[in-house]
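For reference, the structure is listed below as structure tokens.
In my numbering, the protein residues as written are 5 to 371.
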């Protein structure tokens, strides 16, 4: 995604505005002196040029470079910067999925992809009944990429409605060997990994193991190494993957949601509804005594969007790699309204309650 054309005056005007905003957040005399110097700084790690106490900031933010490329026509927004930017602008969405005042001043890249997810994919899923919603959403989470034939089979097997959520695999996810095109699925989410010269990686920061590509000039299938069991190359012809916005806002968080929901499904003593009310809450657990716990899983890098629109659920659940955000969420969400914990802590609480109800002989209201 090219973001700065040195020959386009509009690019420099936007860059100058960005430069002014950044300087306004820094102490006097700190930071790059000119827009041109600012542009060069954007290719460096933030910790290398922004005068902050980085011990108080998440390490991945300090290591983030906003732009990548050669400094010419190939200069582009980094996947990491795009990812973080998307999370911050989510706080500007209203409850209908539209932008709450941000469209007038945010650059189009900041809202187009997210709006596509909110308005097209989620609303398309919600056009059917609850069972159809669950089937469609699970497919977008569990089948991030596949051949056209495999996708059709999945739609039929799952009973999911067909959505405009898939696109041909992008060229930057493909390696060419001879006449063949190859790609690799991320071991964590199944999304095609980004090819970066002689290595591949998933663009999501928590899936960031980098695999090296073994050079082979004979036209054979390329091989990854530097890991015990690296993914094998797959042919890219007629392969489709979920669109970037679908992957980032549905597939990635869903990789934390689905294992938890499946675990609850298998647990004796509770009944669970997946994405109750077509995602009013991520899960609703009914215990043997009729009591209900509701939960929302939040795989977030910052708390702004959650605080701006507090969940409807009783439990706010974070993957273990987001556990550092728990104190801040407890401080900023309405006091006494929520229980904020990790997914593993929630599972222990559920199991303890099931065992306690069983010990006192609670009425049999579940399987």
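Cβ atoms here follow ideal geometry from the backbone N, Cα and C, with glycine treated the same way.
Cα-Cα separation between residue i and residue j, rounded to whole angstroms
i: residue 174; j: residue 151; result: 14 Å
i: residue 237; j: residue 296; result: 45 Å
i: residue 250; j: residue 124; result: 10 Å
i: residue 243; j: residue 303; result: 28 Å
i: residue 43; j: residue 19; result: 8 Å
i: residue 27; j: residue 33; result: 9 Å
i: residue 363; j: residue 54; result: 57 Å
i: residue 340; j: residue 333; result: 12 Å
i: residue 331; j: residue 57; result: 19 Å
i: residue 161; j: residue 257; result: 23 Å
i: residue 21; j: residue 262; result: 42 Å
i: residue 224; j: residue 172; result: 23 Å
i: residue 239; j: residue 23; result: 44 Å
i: residue 228; j: residue 315; result: 41 Å
Strand pairing of residue i, partner residues [DSSP]
i: residue 203; result: 200, 216
i: residue 71; result: 81
i: residue 290; result: 275, 296
i: residue 322; result: 346
i: residue 229; result: 216
i: residue 239; result: 186
i: residue 246; result: 170
i: residue 14; result: According to DSSP, which records beta bridges pairwise, residue 14 is partnered with nothing at all.
i: residue 256; result: Residue 256 pairs with nothing; no bridge assigned.
Spatial neighbours of residue i in its chain, beta-carbon cut-off 6 Å, leaving aside the 5 residues before and after
i: residue 280; result: 288
i: residue 75; result: Residue confidence is low: residue 75 scores 45 on pLDDT, short of 50, so the model does not pin down where it sits. Its coordinate-derived value is still stated next. So no residue of the chain qualifies.
i: residue 259; result: 193
i: residue 254; result: 144
i: residue 206; result: 190, 197
i: residue 66; result: 50, 51, 58
i: residue 64; result: 209
Any non-hydrogen atom of the ligand SAH closer than 7 Å to residue i Cβ
i: residue 314; result: For the ligand SAH, the structure offers nothing, since it holds no ligand at all.
7 Å CB neighbourhood of residue i in its chain, flanking five on each side removed
i: residue 278; result: 138, 265, 287
i: residue 269; result: 276
i: residue 241; result: 185
i: residue 327; result: 346
i: residue 212; result: 205, 206
Beta-carbon contacts of residue i that lie in its chain and below 8 Å, excluding the five residues immediately before and after
i: residue 336; result: 307, 311
i: residue 136; result: 129, 163, 164, 165
i: residue 46; result: 69, 70, 71
i: residue 203; result: 214, 215, 216, 217
i: residue 447; result: Here the chain has residues from 5 to 371 only, and residue 447 is not among them.
### Query
Is the stretch 128 to 147 touching the stretch 162 to 170 in the sense that three or more CB pairs, one from each, lie closer than 8 Å?
Verdict: yes, contact present.
### Query
Does the stretch 264 to 275 come within contact of the stretch 343 to 360, defined as at least 3 CB pairs closer than 8 Å?
A contact between stretches requires three or more CB pairs, one per stretch, nearer than 8 Å, and the stretch 264 to 275 meets this requirement with the stretch 343 to 360.
### contact_flag[the stretch 299 to 306, the stretch 317 to 326] where n(CB pairs < 8 Å) is 3 or more
These segments touch.
### Within the stretch 136 to 213, ranges of the alpha helix (DSSP H) (whole runs, at least 4 residues)
Listed in chain order, they are 152 to 162.
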